[in-house]
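Heads up: the protein sequence lines correspond to chains A and B, in order. For the numbering used here, add 72 to where a residue sits in the first sequence, where the first one is 1. For the numbering used here, add 72 to where a residue sits in the second sequence, where the first one is 1.
2 protein chains.
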Amino acid sequence: MSPRAVTIKDVAGKARVSTATVSRVLNDDPHVAEGTKRRVRAAVDELGYNMNQVARSLKTRATKTIGIVAPELGSQFFMLLAENMDRDLAARGYGLVVCSSWDSVEEEKQRLRLLSERLVDGIVIIPTSDQWRHIAAVKAKGIPIVLVDRRIEGGGLDAVLVDNEGGAFEAVSALIADGHRRIGFIGGSLDVSTARERYFGYRRAMEKAGLRIEPDFVVFGPLVLDSGYRAMRAMLQKPDPPEAYFIVNADTHVGATNYLMIEGREWKKRISFAAFDEMPFSPLLTFCRYAVQQPIADMGAQAVRLVLARVSGAYGGASGAPPEVIRLKTRLIRH
Amino acid sequence: MSPRAVTIKDVAGKARVSTATVSRVLNDDPHVAEGTKRRVRAAVDELGYNMNQVARSLKTRATKTIGIVAPELGSQFFMLLAENMDRDLAARGYGLVVCSSWDSVEEEKQRLRLLSERLVDGIVIIPTSDQWRHIAAVKAKGIPIVLVDRRIEGGGLDAVLVDNEGGAFEAVSALIADGHRRIGFIGGSLDVSTARERYFGYRRAMEKAGLRIEPDFVVFGPLVLDSGYRAMRAMLQKPDPPEAYFIVNADTHVGATNYLMIEGREWKKRISFAAFDEMPFSPLLTFCRYAVQQPIADMGAQAVRLVLARVSGAYGGASGAPPEVIRLKTRLIRH
DNA sequence: CTGTTAGCGCCTTCAG
DNA sequence: CTGAAGGCGCTAACAG
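Written out as structure tokens, the structure reads:
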């Protein structure tokens with residue numbers, strides 16, 4: 073085994089003070105004489121002491137880590153969110169433990185248990201479904217939870233969302249203004265709040281313009297790349313498909329575009345998309361006329377702010393403070 | 073505050089046994105009578121007991137968590153790696169804490185400290201530079217470390233790599249076989265082992281074919297999207313640029329393609345790329361003729377295997393076992 | 001098979 | 001300003 077790690081006891085010995093004093097110095101307690109402080113710091117350096125956060129956490133009941141669980145780690149949207157949160161959190165000394173729920177409520181429960189057993193100070197979650205009891209249960213044990221991206225009706229949870237309905241409405245309206253009268257829809261399961269709200273936005277725009285929604289050209293599937301590919305293929309193989317589509321997120325958008333690049337060359341120049349998400353690779357999505365940009369960095373920052381506010385009990389300690397739901401605006405981008 | 077969490081003491085009281093027995097049941101110790109076991113389990117359920125992993129870790133000196141630090145969380149390559157590792161690790165009860173080093177050695181040091189203070193059982197790292205002392209220092213404290221993707225000369229660390237030189241050689245040779253005689257290079261800083269090795273592969277292929285490398289059309293920059301964009305622009309604005317390029321990774325490849333999509337329409341049909349990485353969005357990279365596919369899932373699996381082997385002391389406990397360096401093969405894909 | 005007894009490394013009153 | 005002492009929740013001998 074590796075030689076036993078150095079503890080405050082060792083430091084105390086070397087600095088000829090008690091462990092209590094070492095602890096005080098380590099925690100910047102002002103009631104310590106300058107000289108003592110220096111001696112302790114010197115000993116710390118010489119011995120290469122590193123604090124054992126596990127022991128500290130046991131005592132203080134705070135781990136200085138936040139958990140985040142997402143349906144899928146592979147999506148660009150999630151990673152950008154995590155990246156932004158990591159930056160904000162690290163600056164305050166927090167660590168970030170990430171988990172994937174693999175789009176399954178069972179796995180989600182498991183991951184929440186893993187996090188709560190590790191006593192994370194707070195959890196940020198992109199929920200997999202509308203079920204909230206298992207989430208509320210964790211919160212009831214005293215771990216603050218904030219939803220990001222997706223909303224859940226019950227549970228009275230804090231949330232950071234965007235105006236999905238409005239963003240979709242704007243995008244579809246733009247296609248209509250361009251003269252499109254038949255507009256298809258490639259979406260996700262209506263159990264997911266984002267997909268649902270974006271579908272409503274699509275519908276409202278169509279209705280407002282007095283246009284008919286053709287059931288044959290409205291597809292719901294999982295929010296993954298492959299289902300965008302398949303939806304596109306299925307629709308274009310039907311007789312007389314529309315030439316404009318609203319697509320519900322980046323992954324399905326890539327999938328749909330992939331289909332056109334691989335098999336649908338003849339549609340080039342004729343197909344137009346409006347879609348959620350503006351990504352680093354967006355210039356490659358050649359059929360995209362309108363993108364609904366989500367303020368991902370801001371979402372991450374707000375999520376961090378909310379969860380840390382609850383952690384530090386800035387709301388008055390009790391979990392009694394009313395839930396805060398933030399709706400951020402999207403921005404329509406013309407390509 | 074939330075009501076004090078329930079501990080094994082509470083469970084012990086309710087089940088009328090000692091805390092030791094509760095602990096045994098919780099850890100599936102076989103030397104416990106069936107009846108007692110049942111009573112304890114019942115008490116656990118009734119009280120809604122959850123183990124405090126922090127306390128457990130303090131005692132067992134194992135946190136059942138692995139840390140991973142990457143230069144950037146937003147890159148597709150890293151996401152896929154993390155996703156695969158998360159799956160393998162979760163299956164064995166391990167958590168994953170991720171950190172971004174933001175391509176800075178300073179930040180990297182910071183994150184390593186954060187991880188080692190939290191007593192993660194092992195660390196997987198995509199190093200930011202060739203510097204290894206701060207990494208070896210962490211290992212010396214008894215935390216196993218394995219490098220992924222990028223190699224570092226010193227430090228005697230385990231590593232999971234791919235045959236970068238060979239992959240690049242193959243790809244460039246394929247361009248040459250197609251009749252290209254002038255081939256540009258869009259790469260990354262030679263401080264990074266992958267970029268360096270791939271550059272050598274490019275050079276070897278050119279030399280073997282007796283072709284001249286034109287310094288004006290060899291660009292090194294950071295391995296990010298924007299630098300691919302700029303490199304492409306810079307080269308195409310010079311007189312008489314080559315029509316074939318080897319590109320060192322996915323991010324720069326996207327960047328270079330972005331440039332052509334946005335500003336370089338007139339080059340269409342004429343430009344050909346060979347590039348590292350095959351990604352979900354690869355069909356959108358319209359100039360790509362050859363892709364060097366890395367076995368990302370396998371890299372993740374091997375990294376997990378190596379780090380857990382060290383953790384469990386399967387190598388004989390001591391860190392004395394010789395470092396294991398794995399080189400996985402790449403696969404050339406024709407588009 | 002089960003209980004008793006020590007800590008793991010740190011923080012935190014409470015005296016001095 | 002500093003030290004002594006107790007305990008956070010759990011596990012790991014060692015007795016019985």
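Just so it is clear, CB atoms sit at the ideal spot from N, CA and C, and this is done for glycine as well.
Straight-line CA distance for residue i to residue j?
i: residue 145/A; j: residue 151/A; result: 7 Å
i: residue 267/A; j: residue 198/A; result: 13 Å
i: residue 361/B; j: residue 135/A; result: 50 Å
i: residue 388/B; j: residue 211/B; result: Low confidence applies to residue 388/B: its pLDDT is 43, below 50, so where it sits in the model is not reliable enough to give any reading.
i: residue 167/B; j: residue 305/B; result: 43 Å
i: residue 330/A; j: residue 165/A; result: 42 Å
i: residue 113/A; j: residue 141/B; result: 29 Å
i: residue 258/B; j: residue 405/A; result: 30 Å
i: residue 88/A; j: residue 123/A; result: 19 Å
i: residue 92/B; j: residue 260/B; result: 57 Å
i: residue 396/B; j: residue 307/A; result: 51 Å
i: residue 254/B; j: residue 354/B; result: 24 Å
i: residue 317/B; j: residue 250/A; result: 38 Å
i: residue 269/B; j: residue 238/B; result: 9 Å
i: residue 129/A; j: residue 349/B; result: 42 Å
i: residue 104/B; j: residue 116/B; result: 16 Å
i: residue 376/A; j: residue 163/A; result: 12 Å
i: residue 111/B; j: residue 180/A; result: 29 Å
i: residue 190/B; j: residue 183/B; result: 11 Å
i: residue 394/B; j: residue 393/A; result: 56 Å
i: residue 303/B; j: residue 310/B; result: 11 Å
i: residue 335/A; j: residue 299/B; result: 31 Å
i: residue 81/A; j: residue 95/A; result: 10 Å
i: residue 283/A; j: residue 256/A; result: 11 Å
i: residue 403/A; j: residue 220/A; result: 18 Å
i: residue 133/A; j: residue 76/B; result: 11 Å
i: residue 20/B; j: residue 126/A; result: Because chain B in this structure spans residues 73 to 407, residue 20/B falls outside the shown range and cannot be described.
i: residue 295/B; j: residue 174/B; result: 12 Å
Could you pull out every residue in the same chain whose Cβ sits closer than 6 Å to the Cβ of residue i, ignoring the five residues on either side in sequence?
i: residue 241/B; result: 273, 276, 277
i: residue 343/B; result: 315, 359
i: residue 226/A; result: 204
i: residue 98/A; result: none
i: residue 208/A; result: 227
Based on the DSSP output, what are the partners of residue i in its beta bridges?
i: residue 406/B; result: 362/B
i: residue 114/A; result: The partner list for residue 114/A (beta bridge, DSSP) is empty, contrary to what the question assumes.
i: residue 220/B; result: 232/B
i: residue 400/A; result: 234/A
Using a Cβ-Cβ cut-off of 8 Å (strictly less than) and excluding sequence neighbours within five positions of residue i, which residues of its own chain qualify?
i: residue 194/B; result: 138, 139, 215, 216, 217, 218, 379, 380, 382, 383
i: residue 400/A; result: 232, 233, 234, 235, 366, 367, 370, 371, 374
i: residue 90/A; result: 84
i: residue 86/B; result: 115, 118, 119
i: residue 192/A; result: 135, 137, 138, 139, 169, 215
i: residue 172/B; result: 141, 142, 143, 144, 145, 179, 183
i: residue 247/A; result: 255, 316, 318, 344, 346, 361, 362
Within its chain, find whatever has a CB closer than 7 Å to the CB of residue i; leave out the 5 residues flanking it on each side and keep chain order.
i: residue 351/B; result: 148, 322
i: residue 78/B; result: 119, 120, 121
i: residue 222/A; result: 198, 199, 264, 265, 266
i: residue 301/A; result: 327, 328, 330, 331
i: residue 156/A; result: 368, 369, 372, 373
i: residue 188/B; result: 210, 213, 215
i: residue 410/A; result: The structure shown does not extend to residue 410/A, since chain A is modelled only from 73 through 407, so no value can be given for it.
Near-chain A residues of the segment 132-145 of chain B - C-beta to any C-beta below 8 Å
Within the segment 132-145 of chain B, the residues whose Cβ lies closer than 8 Å to some Cβ of chain A are 135, 137, 144, 145, listed in chain order.
Could you pull out every unbroken beta strand (DSSP E) segment of at least 3 residues lying fully inside the segment 314-387 of chain A, listed in chain order?
Considered as a whole, the segment 314-387 of chain A harbours 316-319, 344-348, 360-365 as its complete beta strand (DSSP E) runs of no fewer than 3 residues, in chain order.
Ignoring anything shorter than 4 residues, give me the alpha helix (DSSP H) runs that lie fully in the segment 130-214 of chain B, in order along the chain.
With a minimum length of 4 residues, the continuous alpha helix (DSSP H) runs that stay inside the segment 130-214 of chain B are 148-163, 177-189, 205-212.
What residues in the segment 349-360 of chain A have a beta carbon less than 8 Å from any beta carbon of chain B?
Hits within the stretch, in order: 352, 353, 355, 356, 357, 358.
Let me know the beta strand (DSSP E) ranges lying completely inside the segment 249-308 of chain B, each 3 residues or longer, listed in chain order.
With a minimum length of 3 residues, the continuous beta strand (DSSP E) runs that stay inside the segment 249-308 of chain B are 255-260, 290-293.
Contact set between the segment 109-127 of chain A and chain B, restricted to residues whose Cβ is under 7 Å from the partner:
For the segment 109-127 of chain A, which is checked against every Cβ of chain B, the residues closer than 7 Å are 122, 123, 124, 125, 126, 127.
Listed in chain order, which residues of the segment 318-341 of chain A have Cβ atoms closer than 7 Å to some Cβ of chain B?
Of all residues in the segment 318-341 of chain A, the ones placed with a Cβ closer than 7 Å to any Cβ belonging to chain B are 326, 329, 330, 333, 334, in chain order.
Can you list, in chain order, the residues of the segment 178-209 of chain B whose Cβ is nearer than 9 Å to any Cβ on chain A?
Going along the segment 178-209 of chain B in chain order, one finds 179, 182, 183, 185, 186, 187, 188, 189, 190, 191, 209 with a Cβ nearer than 9 Å to chain A.
What are the residues in the segment 212-239 of chain B lying within 9 Å of chain A by C-beta distance?
For the segment 212-239 of chain B, the residues whose beta carbon sits under 9 Å from a beta carbon of chain A are, in order, 212, 213, 214, 215.
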